[in-house]
Amino acid sequence: MAGKSGREISAEVKGGIRSKILSWEGALILILVAVNILGVVISPNYNVSNVLREMPRYLAEIFMMFGMGYILVLGDIDISVGALVCLAGTVTVLSSNAGLPFGLAVVVCLLVGLLGGMLNGFIATRFTELPTMIVTLGTQIIFRGIAEVLFETWGNGGGTASMTDTKGLMLLAQKIGPFPIAFFCVIIVGIIMITVLAKTTFGRKLYAIGSNKTAAYYAGIKVEKMRFICYSLLGMLAGLCALFLLTATFGSNTTTGQGFEMEVIAMCVFGGIATTGGKGNLIGGFIAAFIIVCLRIALGQRNINTQVILVIIGLMLIISVLVPSISNSIAARKKRSAA
Amino acid sequence: MAEDLILELKGITKIFPGVKALNKVHFQLRRGEVHALMGENGAGKSTFIKVITGVHAAEEGQMFLEGEEVHFKGPRDAQEAGIAAVYQHPTSYPTLSVTENIFMGHENVKNGMIQWRSMNAEAQKLLDSLDADFKPTDEVGTLTIAQQQMVEIAKALSTNAKIIILDEPTAALTANESEKLYGIVDRLREEGKSIIFISHRFEDMYRLATRVTVFRDSQYIGTYDVDGISNADLIKAMVGREITDMYPKEDIELGEEIFRVEGMTRTGYFKDVSFDVKAGEIIGLTGLVGAGRTETIESICGITKPDSGKIFLEGREIQIKEPVDAMKAGIILLPEDRQKQGLILSWGLGRNVTLPIQEELANKGFNDEKKERELAKQRLEEVDTKAVTIFQPASSLSGGNQQKVVVAKALAQSNMKVVIMDEPTKGIDVGAKKEIYEIMGQLAKKGYGIIMISSEMPEIIGMADRIFVMCNGRISGCLQRSEVTQERILELSMEKSGTKKGGAAS
Amino acid sequence: MKKKVLSVLLATTVVASLLAGCGSSAAAPAADAAPAADAAPAADAAAPAASSGGATYALVTKSAGNPFMERMASGFQEAVEASGGTVVIQNPEAATPDAQISVVQSLISQGVSSIAVDGNDANALTAVLTEASNAGIKVLSLDSDVAPDTRAVYCNQAGVQQIGETLMEAVYDLTGGEGDWAILSATSQATNQNAWIDAMKKLMESDSKYAKLNLVEVAYGDDEPQKSTDQTQALLQNYPDLKVICAPTTVGIAAAAKVLQDQKSSVKLTGLGLPSEMAEYIGDDDAHSCPYMYLWNPIDLGRLAGYTSIALVDGSITGAAGDKFTAGELGDYTIEEIDGSTQIILGPPFKFDPSNIDEWKSVY
Amino acid sequence: MKKRSIGQFLSESREASLVIVLAVLLIVVGIINPSFLSFTNIRQIFLNNTLTFLMALGMLCVMLTAGIDISITSTLAFAGMSIGLLQKYNVIHNTFLLFVIGAGIGIICGFLNGIIIAKGHVAPIICTMGFMYIWRGMAYVISNNNWASGMDVAGFSDFGKDGAVGPYIILIVAYAAFFILMKWTRFGRRIYAVGSNTEAARVSGINVDRTLTGVYTIMGLLAGLAGVLSVSIYASAQPNMQYGKEMDVIAACVIGGVAMSGGRGSVAGTFLGALIIGIISKALPMVNIPNFWQNLIKGVIILAVVILNVVTQRTMDRQNLLRREM
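Chains as they are written, first to last, in our numbering: chain S, 2 to 340; chain X, 772 to 1277; chain U, 39 to 402; chain D, 8 to 333.
If you want it as structure tokens, here you go:
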């Protein structure tokens, strides 16, 4: 049943290294370089070993960035993860203090994250009429609420608890050469998450759902199952985040993870992932995360008012989403006048 | 001559980034006439309408209203000049009331306050004049497409427009709904309104218009008197070549029964639907919009959950819980709304084609992009898609070519046994229609079972071996190819439908 | 072409906004950190003889945007600059231990000589402060303590026992010795507040003088005005016989004072508050809700921490119990060992009443 | 037109079901602690939640256009801090003028949001997230670690003190104005139109960009006013004021039946939603639930109300289908 007109449709892949450099990710790498140059210029202490030493606390958030990337690609959003980090950390600390061996406490940490994510996924897929922002707004209050209750009923009260047996955490906080273990974990998790999203059928399905949920469903994709998996995955990564946060804080309190959800979303968006779904990739998010981390470290070393750093991040966020839209309209105008 | 022109456009050129959507086109509308505007998809009709209504500003050209040159800066200007348009897709506000939809943009305002009472009364008057069966306070989202179309017409009337533009108003309507619309248009003309009518249906044109203007490839081809032009000439003007034998239906030997459903029921949508398909057979499923045709096949394909019913494929009962089950079994659906259900518009054509089968092509879960590209290229070329590369986004294609991509996507599924096509030619032009029919014929020849859902009688009659007519959620009859006539179909689809009210979600 | 424009545009704007940020850093008390990296170990080695000149002393507050912290920081700065040292004051972006960890990490990179920290959590800073000590930085805490083995010494505004006794005495006085009273605290994990409340509860059990006092509830206003207001109103409605509210938190006491004064309630208020915040509400008559309250001088607390930092860095003290040093105009101080932790106690809490409030309200 | 039965009315009107939820809440709390239903207490529910009530109106407008604004409490803090400092440094003490300045700052903040969202086609959540960081940061920066305290705002705080009528009047005026604006004016209906079908609105000559900008500007105005009121009611201005409370405002709207997809929602529903949020926060301390349980219960109630709504809607749809003749 060949086409009768014999018209040929090209299947050649166009563009090479040049177009890659000129893409959004290329721009992000430029910015990352610029931020690092800036760091070296403004702070005499901005060097590899110091940056790597300051990094672990931020690295924990990057784990969640990957999961949030999946959720945003789906066209959903999850603002409960900061609270979930708090809950997972709290349960881990309290159960470890109650005598649970460290290995099991790690499992518990991931499990609590997973269960929290599954709860989000369950409500979001069962009640598809509800915007996920509202679902996770509710669970956000609930997760932190449960943590507060646990501090009081299971811990020593006072909304804070610290690990009594820190041997296991110390082990995780160790460094291999100048690199903290968390750094390797982020890289490994990152490579897996990036590859799955970019190269596998699973990732392709996420983009399909984010671009057009109905068409994806008609094409035989189990939309709700995929969403459920992504929420669960993000939950588990929140558990991982909690674990690595513990290696820095050795304890948990009611403010743990506050505002993480927004920072993680900001990393994704700055990395080119659209909150409307179906667009962007995690490589961008990954570079963007390091831009934000390096920027914070550099400005921190210059003792710049921490609030000013927040203002700068806010500005960068807005500019990064405005630039494509502005350059698009400029390009469109140019094209029109050319034609 | 000049004094009886109410609207005249000369040398209109409109450029979108990268394309000339209109190239020096002309148009003349006489006072009190119904003027058809025809052309294939992408010929520039809709853009032209948007230039008249001030949505787009033309780069070149002049526009005269009652002899005076006008420049519209926005839709508001056109409205005030007495031009109203009823667009192809109802541009309604689904969460708002009928009254509000009608008066949006020109509310009755006194002292800065909207006068709801007088507006409701006025809306009721307009609806009465259109013989509408719904209330001004109803929420538009709950109305049927036909009812929404009526709201749009009421909206055009409410502005006291002198010129009314109807952009494919009958595309979503069934035969008797169209008939009702014709009546309304007749009356408007009698009231002295001038009407521009865009349609793909020749019957619309013959029934209503006195003159017809044809566009092709963004250019003006000519204006003809409807009485003086033959069908073939018109098609030639539109397509640029002659089309013979619109329905290439061949008589082929029918095989064994390949597919059968029994007693499918979904409360509120359809009840006790049963039919069967033989290998090589084309089954037509028709009826009024809202009769439950789409809902039925959606349940068959696992998109919605039926309350009861059995599905047999090649004699064995199969369980379908999700769309993927149907696809695995070899039942492939070409959905009704290709832009929302059939394609991911922002994606390249290739990825669209291979989406359902990426897992088969994949290597241990990793996408095999090379294999995908090759397969996509092959399938897209088979159905003769007009495209440059498999990477161009689906949104860049015309309706007909988009439909071909949907077909290519179905063909890519190697285990296909039964093809279900829901309104396969809706909103696509003559040339593309014929190609779709050809593909359908070839599929039948290869021994697939085909179910075609359509509201267009000529194609149902032209293509189907057997026709099942649905009415009010039930199969009201089955007609053999030999015994079918338009009247018989109408008769079966109108049974007890006089009391039908409200809309089923489509 | 389009994307190229985009990249260049983006890179430029980001760099521009960064520079803008750096420009505004002048507002922050940024020190010239360049010599600090070299100077820190040097000062360490040449311990007692060297003056404090050239060393960098850091203070990490609980959070930005808090006047108590601001006064504390100004005292710290004054003390250090008077003796020729360089000051770095860092306000974390939020009142969380996480944010403090980042700040301390950054200070370690900068190689400061000492870090004085006002802990947002008793134990969460353990790891990072140990790392700081290992890097040769002297660590001390002030205001809110951190884990004792992670710092050399704790500059305590007043002993826990002392504050507990003072507040209990005030409650006793205002209730007339018997009746219902309630506590409005900050957050449930605030270390200081919890210690003081515990001390008060213990006193009530151990001292028969307080036997007729009935502590009906400890409410938490989370240091938010709105929640503190809700909680105060709930206390009034739930306990009609309530006589006194004791709020050992500066946000809570101000919110409670406003509620009581607006409602012209007969319930009296005491606790720990900033004079500048509370001036409106302090008075003996019924028109004012708070007859008197307590606080220590945050400026002096900052000064004390400043002098202690200098003493630690120049080696005149090590943080062991019994070490003595002179804290400038504040006088001589001795490190004491209380409950197994080394502390320097500033002095008893200061009482603010109608007679002295006008004098203090503009100071802090 | 036929009169509808009560049952039908209840099942069709979102507000009616909210009233039932509200009644149940009031009865349960009232039984546990009768003083909850006292006049003082009910008055305080409004006073303590003035900010939520006020900003919910703006959020209604924003959500009607299918947008969201999470920068509101940062705007609030920036505006509040600004007018607090103006008093602290004895620049301005005139209450009216302070309101004008606070509102002005809010308008500027909101306008920036609106213009970037409308003209730059930036997703509202991202744009407002950026400004959330920016305005909050600016509030800290201008405060220079100081608060404006009771003493600084002495005369001004009389406006919002417990017992004064100011905040109630502002609330009543705002709700009356919005009720009229949303139902009876062109601008109000245009907000609905843009949210219901943006493309259609554009085609029918509505200036969508201007409407969007207007909506975010209104939100900014209300957030600015809320900032001023906050300083007045709590007699203090701190840079971290109302941190995280934007979620309460969003929750109030959603409970009140405002659809996040746009085009659906009413002033009455918003009022009821905000009232439910207010009652929850006011009631929890009064029914002797320990402090550490309060967040958990609040979260469960919010989620339960929205899920209940979905379930009711589904049952109604199902019933309608059953009624359809075949």
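Don't be surprised by glycine CBs; every beta carbon is placed ideally from N, CA and C.
- About 32 Å separates the Cβ atoms of residue 197 of chain U and residue 246 of chain D, ruling out a contact at the 8 Å cut-off.
- DSSP, reduced to helix, strand and coil, places residue 121 of chain U outside both helices and strands of the structure shown, so it counts as coil.
- Ranked by Cα distance from residue 1103 of chain X, the options X/1178, X/785, X/936, X/1063 are led by X/1178.
- Across the set U/397, U/314, U/174, the C-alpha of U/314 shows the shortest separation from the C-alpha of residue 153 of chain D.
- At a cut-off of 7 Å between beta-carbon atoms, residue 277 of chain U makes no contact with chain D.
- In the structure shown, the three-state DSSP call for residue 281 of chain U is strand.
- In the DSSP assignment, residue 219 of chain U falls within the beta strand (DSSP E) that extends over 217 to 223.
- One Cα belongs to residue 158 of chain U, the other to residue 87 of chain S, and the distance between them is close to 16 Å.
- For the segment 130 to 153 of chain U, the set of residues with a beta-carbon nearer than 9 Å to any beta-carbon of chain S comprises 130, 131, 132, 133, 134, 135, 136, 137, 139, 140, 141, 143, 144, 145, 146, 147, 148, 149, in chain order.
- Counting along the chain, the unbroken beta strand (DSSP E) around residue 152 of chain U starts and ends at 152 to 155.
- Straight-line spacing of the CA atoms in residue 323 of chain D and residue 329 of chain D works out to 10 Å.
- Residues of the segment 127 to 142 of chain S with a C-beta less than 8 Å from any C-beta of chain D: 128, 130, 131, 132, 134, 135, 136, 138, 139, 140, 141, 142, listed in chain order.
- Listed along chain U is no residue with a C-beta nearer than 9 Å to that of residue 99 of chain S; the closest approach is about 17 Å.
- The alpha carbon of residue 187 of chain U has as its nearest neighbour, out of U/181, U/209, U/161, the alpha carbon of U/161.
- In this structure residue 1064 of chain X is buried. Its beta-carbon is surrounded by 16 or more other beta-carbon atoms within 10 angstroms.
- In this structure, the alpha-carbon of residue 824 of chain X lies about 17 Å from that of residue 787 of chain X.
- Rounded to the nearest angstrom, the gap between the Cα atoms of residue 326 of chain S and residue 319 of chain S is 11 Å.
- When only Cα atoms are considered, residue 92 of chain S and residue 1181 of chain X end up about 50 Å apart.
- Beta-bridge annotation (DSSP): residue 806 of chain X is paired with X/967, X/982.
- Neighbours of residue 251 of chain S in chain U, taken as residues whose beta carbon is under 8 Å from its own, are 161, 162, 164, 165 in chain order.
- Annotated three-state conformation of residue 1247 of chain X is strand, per DSSP.
- Residues of the same chain with a CB within less than 8 Å of the CB of residue 107 of chain D, apart from the 5 flanking positions on each side, do not exist.
- Just so you know, the alpha carbons of residue 828 of chain X and residue 1067 of chain X end up roughly 45 Å apart.
- Here residue 82 of chain D carries a helix assignment [DSSP, helix/strand/coil].
- With contacts defined as CB atoms closer than 7 Å, residue 155 of chain U and residue 171 of chain U fail to qualify as a contacting pair.
- At least 7 Å separates the beta-carbon of residue 1113 of chain X from that of residue 1162 of chain X.
- DSSP places residue 242 of chain D outside both helix and strand once states are collapsed to three, so it counts as coil.
- By the Cβ test, the segment 156 to 170 of chain D is not in contact with the segment 256 to 263 of chain D, since fewer than three Cβ pairs between them sit closer than 8 Å.
- Inclusion of residue 67 of chain D and residue 280 of chain D in the CB contact set at 7 Å is not warranted, their separation being larger than that value.
- Sixteen is the threshold: when 16 or more other Cβ atoms of the shown chains lie within 10 Å of the Cβ of residue 402 of chain U, as they do, the residue is buried.
- The beta carbon of residue 885 of chain X falls within 7 Å of a beta carbon belonging to chain D, placing the residue at that interface.
- Around the C-beta of residue 105 of chain U, 16 or more other C-beta atoms lie within 10 Å, and the residue is accordingly described as buried.
- From the listed residues X/1243, X/1230, X/1262, X/1264, the smallest Cα separation to residue 1252 of chain X is found for X/1230.
- Chain-order list of chain X residues neighbouring residue 203 of chain D: 864, 865, 866, 867, by C-beta distance under 7 Å.
- The alpha carbon of residue 230 of chain S has as its nearest neighbour, out of S/120, S/321, S/107, the alpha carbon of S/120.
- As the crow flies, the alpha-carbon of residue 276 of chain S is around 18 Å from that of residue 199 of chain S.
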